[in-house]
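Below is one structure, written out as structure tokens, with a few remarks after it.
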Amino acid sequence: MKVIFMGTPAFAVPSLLALATHHQVLAVVTQPDKPKGRGKKLLYSEVKEEALKLGLPVLQPQNAKDPAFLAELKQYDAELFVVAAYGQILTEEVLFLPKYGSINVHGSLLPKYRGAGPIQWSIINGERETGVTIMQMERGLDSGDMLSKASLPITEQDTYGTLTEKMAALGASLLLKTIEDMETGTLKPKKQVEAESTYAPMIAKSMGQLDWTKPAKELHCLIRGLNPQPAAYTMLEGAPLKVLMADVLAEESGQAPGTVVGSDKKGLLVQTGKGILRLTEVQAQGKKAMDAAAFLRGHAVPEGTVLESIL
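Using the working numbering, read the sequence shown as starting at 28 and increasing by one per residue.
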């Protein structure tokens, strides 16, 4: 099938590679390059990097609603648009331009977790299962008919980073099967039940502030859901300390939430509103991430130290 692919982050790359292997990818649409660092060097998206390796034309409209972008798409005469975490809203005229319309590789089991942050929120909310839905795109936010689904478990050690990798691979294989069924006319679209929908908004950096009055299990989920970015954090001696991984201990110390109650070979023990959280991987400001035991060898954090929740 003749396809135009639209995507930006690493989550979208396996889908692009799968399409390039089994179908004719006419062009790739991704977000504009972004300046990064002190030198403001332009940074390519992960999808653009792969598209260039494949020798595919790359389109990077500043605004996907621009009529000039629509005119450019028409020239390719694609049969299908495939979207995976592209990052811009597409007009109905764009969505319905190809013969088979536009489909989306979405990182949740719709109608649950519509929106920009489905993978992060599934972890933050303590879900035990998630998955990928291939959806026919329409005007609403992730509200189109569901074409196919595949699920996978969320483990207690899964982070936003590790789960994204698993779901990206799952989405790529599901995408190929869905297009195959589309070509043979065996797809059975299913409408979403609006009453069952939930919203997963974009993740903000401010969400990473660890509120030590909350239960350890809740903080554990937040830490994993924000790893590797934007990362959960606390304050130690007036400086931010990112917390990248942790363990939940059922014990209680009787100390106030946020109080360091000791340490062991695995990390730093902190009292929460319910239970103790062992911080096992941290990152000090301006430093690389390291296991908490290594951090403690170079930074004395005596018992009784209080970690602040906010900057």
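The beta carbon of each residue, even a glycine, is placed where N, CA and C say it ideally should be.
Contact between residue 302 and residue 284 is ruled out by a C-beta separation of about 10 Å, above the 8 Å threshold.
At the C-beta level, residue 113 and residue 91 come within 9 Å of one another. Its Cα nearest to that of residue 258, the residue 273 stands out among 265, 273, 244. The Cβ atoms of residue 110 and residue 34 lie closer than 9 Å to each other. Distance from the CA of residue 155 to the CA of residue 134, rounded to the nearest whole angstrom, comes to 15 Å. In chain order, 287 place their CB closer than 8 Å to the CB of residue 329, counting only its own chain and leaving out the 5 sequence neighbours on each side. For the pair of segments examined, the segment 188–208 was found to touch the segment 34–46: the number of CB pairs separated by less than 8 Å reaches three.
Residue nearest to residue 119 within the set 190, 168, 79 is 168 (criterion: CA-CA distance). In the DSSP assignment, residue 146 falls within the alpha helix (DSSP H) that extends over 145–151. Here residue 291 is exposed. Its C-beta has fewer than 16 other C-beta atoms within 10 Å. The alpha-carbon separation between residue 262 and residue 88 amounts to approximately 40 Å.
Here DSSP, grouped into helix, strand and coil, assigns residue 233 to helix.
Annotation for residue 189: the continuous alpha helix (DSSP H) segment containing it runs 187–211. If only complete runs of 3 or more residues are kept, the segment 279–319 shows the beta strand (DSSP E) at 287–290, 295–298, 303–311, in order along the chain.
For the pair residue 310 and residue 271, the CB atoms are nearer than the 9 Å cut-off.
Across the set 132, 324, 145, 242, the C-alpha of 132 shows the shortest separation from the C-alpha of residue 45. Counted as a single uninterrupted DSSP element, the alpha helix (DSSP H) harbouring residue 49 occupies residues 40–49. Classified as buried, residue 245 has 16 or more neighbouring CB atoms from the shown chains inside 10 Å of its CB. Residue 53 sits away from residue 151, with the two beta carbons spaced by 9 Å or more.
The continuous beta strand (DSSP E) containing residue 62 extends over residues 61–63. Looking at the DSSP output, residue 251 shares a beta bridge with no other residue. A residue is called buried once 16 or more other Cβ atoms fall within 10 Å of its Cβ, and residue 220, having fewer, is exposed. Residue environment for residue 162: buried (at least 16 other C-beta atoms within 10 angstroms of its C-beta). For residue 328, no alpha helix (DSSP H) encloses it, and the DSSP letter there is neither H nor E.
The beta carbon of residue 199 lies closer than 6 Å to those of 41, 42, 45 in the same chain, with the five residues before and after it left out. Closest in C-alpha terms to residue 268, from the list 275, 231, 224, 319, comes 319.
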